[in-house]
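Residue numbers (my numbering), protein chains in the order written: chain G, 7 to 334; chain F, 241 to 603.
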């Protein structure tokens, strides 16, 4: 097979004859054409695409889908391709040529990995994919991971695939979205892509909304459609980070009413103390430890002494207690 | 009444047949000689549902007796775990074992009888120490007793030792085999209890609350000392009334003077368990509470919620009887003091408290 490719001489093929669709062998998704166009403009086509005559005279792209797309974007009319005759290559050979050519030159994004595994699954046994191809893709040889990546290809719509390929949705988020019903998945995906939550925030939002959904029986799509959520999203005075913060605060309060109330009460208690400048009182994370911490920043011993004297005069300090004590 | 758990498949590790426990098991259930290599078993995907019906007979090479691992910054009871099996045929939605072991099968250690001497020697070599030993940490102590016959092996051996007690902790009614034995000394049969709501909704395949307490009452009438464990306490809608219903049942069935201890612990779990619970028990309510990451990395209820649970239970249990050996499982000194009005201070202090209970009941 390799020998045959080596012997092929490129021939000019009109771009009109080449499909604009990636076809069954391409493994490219979510790519940027600009760097490739820049390269082609500077040094020309170094490596010709490989194509194959399909049924009824159609030409299938085996490798070089991105190069062909770049030529098209550059306004060219034809491109030099190495043409294979259909009988010489089994479809599985064509797929593997594309796979190994890409593997040697670049990293695949998660959607591409899903496409590859999905396509390999048509020709190879799950065992072969698990043991031979998943390690080549940098994935653990695990059935559930195989299923997950194939689902990226099968179950995500275009916008979600774009988000995942471009890193705006993390793989962890994508996995969590797949666990949702299609309605919730779609609503959540649109929401994440519109509001630009970072990966950690995506994780928090999914976890909190999944919990609220279980507790209240409302779907995630319903929760995202609530009035208050809409008000925050459309607030003209808030920028993206402020909106994400406000939404997380809203849901966190719904999910953890007692904890958030305690946090608020504690903040108010400390604020009422009117502590001297550069003196802080902090609770342990989630109030789990039994001690509070005071930090005093000072310039000189005199400054420290003044601050301590100031603290001693704050009568309210004596009444500082766990923020839930008064409420019980 | 017995709780019989179906075994669909029996896997036998190399060399398992030579042990006496294996012979007993093969007399009690039909073993279809289905052998599998260890590598083959480990390569299988985790299927906890199937694992609960697959008995895996294994000679165990590790330490048979291990101290309860405890957890950072919390007071432990100083219990010792006798490692007789891993995993459990019951299917409680909150069970931590769902994410604890890498193999899902019911692994029974068939060389227990041959190796028990190691444990007994250790006990005998430390006559000044009290060994509080239990088998209910990594499995239910009695769920598989009708098949394995642990009672006949363990009860006579521990009953002879004055510086040890054996606690068999269960959610079943499988006391038939142990009832037939003469020994009662140094043996504690204990039940995990919860509210009727949690028991019915979350403790799948376990005996009902009433069945457990009727069985406990029978054990008391047959001369056994009993214990109870309200662990995990789970706040849910109407939880106060629901837990009071359990306490009412306790009062109806149990003589509190023959209860050695009652422990309490609130639901806590390693973060990775949450996804397993969501997947295996999609309708569960056990994840609904306000969980925060505790000082040991486990998820726990926000502190005032835990204290509220413990205070409520303590007040009502103490109103029932004022000497129940109440203690908290894996809580901080702070939570102890503020929920119970006293604290053992540390693990040594709690161990001393529980050792004193042993001395009081068994001399």
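Think of the CB as a built atom: it goes at the ideal place given N, C-alpha and C, for glycine as much as any other residue.
Note that this is a predicted model, so its numbers are computed, not measured.
Flag residue i as yes if its beta-carbon sits less than 7 angstroms from any beta-carbon of chain G, otherwise no.
i, result
"residue 544 of chain F", "yes"
"residue 555 of chain F", "no"
"residue 581 of chain F", "no"
"residue 494 of chain F", "no"
"residue 614 of chain F", "The shown model of chain F, from 241 to 603, leaves out residue 614 of chain F, and the question about it has no answer."
"residue 532 of chain F", "yes"
"residue 528 of chain F", "yes"
"residue 596 of chain F", "no"
"residue 574 of chain F", "yes"
"residue 250 of chain F", "no"
Just how far apart, CA to CA, sit residue i and residue j?
i, j, result
"residue 107 of chain G", "residue 37 of chain G", "16 angstroms"
"residue 344 of chain F", "residue 210 of chain G", "30 angstroms"
"residue 255 of chain F", "residue 266 of chain F", "14 angstroms"
"residue 9 of chain G", "residue 67 of chain G", "Unreliable positioning characterises residue 9 of chain G in this predicted model, as indicated by a pLDDT of 48, which lies under 50. The coordinate reading is nonetheless provided below. Cα to Cα, residue 9 of chain G sits roughly 19 angstroms from residue 67 of chain G."
"residue 202 of chain G", "residue 182 of chain G", "17 angstroms"
"residue 470 of chain F", "residue 586 of chain F", "21 angstroms"
"residue 259 of chain F", "residue 328 of chain F", "22 angstroms"
"residue 536 of chain F", "residue 294 of chain G", "10 angstroms"
"residue 485 of chain F", "residue 435 of chain F", "7 angstroms"
"residue 403 of chain F", "residue 267 of chain G", "50 angstroms"
"residue 227 of chain G", "residue 437 of chain F", "30 angstroms"
"residue 297 of chain F", "residue 252 of chain F", "5 angstroms"
"residue 506 of chain F", "residue 317 of chain F", "15 angstroms"
"residue 422 of chain F", "residue 396 of chain F", "8 angstroms"
Residue i: buried (16+ other C-beta within 10 angstroms of its C-beta) or exposed?
i, result
"residue 413 of chain F", "buried"
"residue 167 of chain G", "buried"
"residue 115 of chain G", "buried"
"residue 22 of chain G", "exposed"
"residue 190 of chain G", "buried"
"residue 294 of chain F", "buried"
"residue 332 of chain F", "buried"
"residue 310 of chain G", "exposed"
"residue 216 of chain G", "buried"
"residue 426 of chain F", "buried"
"residue 176 of chain G", "buried"
"residue 291 of chain F", "buried"
Does residue i come within less than 7 angstroms of chain F when only Cβ atoms are used?
i, result
"residue 330 of chain G", "yes"
"residue 294 of chain G", "yes"
"residue 262 of chain G", "yes"
"residue 221 of chain G", "yes"
"residue 265 of chain G", "yes"
Which residues in the same chain as residue i place their Cβ atom closer than 8 angstroms to its Cβ, once the five residues preceding and following it in sequence are excluded?
i, result
"residue 47 of chain G", "80"
"residue 552 of chain F", "480 and 483"
"residue 320 of chain F", "305, 306, 307, 308, 371, 372, 373 and 374"
"residue 279 of chain G", "287, 320, 322, 323 and 326"
"residue 33 of chain G", "104, 105, 108, 114, 118, 121, 122 and 125"
What are the boundary residues of the alpha helix (DSSP H) that residue i is part of?
i, result
"residue 147 of chain G", "Segment: none, residue 147 of chain G is in no alpha helix (DSSP H) and carries neither H nor E."
"residue 362 of chain F", "352-365"
"residue 547 of chain F", "543-560"
"residue 246 of chain G", "246-261"
"residue 388 of chain F", "385-388"
"residue 246 of chain F", "Careful: residue 246 of chain F lies outside any alpha helix (DSSP H) and carries neither H nor E."
"residue 192 of chain G", "188-201"
"residue 40 of chain G", "40-49"
"residue 436 of chain F", "436-442"
"residue 214 of chain G", "205-222"
If you drop the 5 nearest sequence neighbours on each side, which residues of the same chain put their C-beta closer than 6 angstroms to that of residue i?
i, result
"residue 391 of chain F", "385, 417 and 418"
"residue 18 of chain G", "84 and 86"
"residue 376 of chain F", "409"
"residue 598 of chain F", "370 and 405"
"residue 359 of chain F", "304 and 305"
Suppose the cutoff is 7 angstroms on Cβ atoms and the five residues either side in sequence are ignored; what does the same chain contact list for residue i look like?
i, result
"residue 161 of chain G", "184"
"residue 369 of chain F", "403"
"residue 351 of chain F", "259, 299 and 300"
Starting from residue i, trace the beta strand (DSSP E) both ways and give me its first and last residue.
i, result
"residue 5 of chain G", "Within the shown structure, residues of chain G are numbered from 7 to 334, placing residue 5 of chain G beyond reach of any answer."
"residue 631 of chain F", "Residue numbering for chain F in the displayed model covers 241 to 603; residue 631 of chain F lies beyond these limits and cannot be assessed."
Would you say residue i lies against chain B (beta-carbon separation less than 7 angstroms)?
i, result
"residue 534 of chain F", "Here chain B cannot be found, since the structure's protein chains are G and F."
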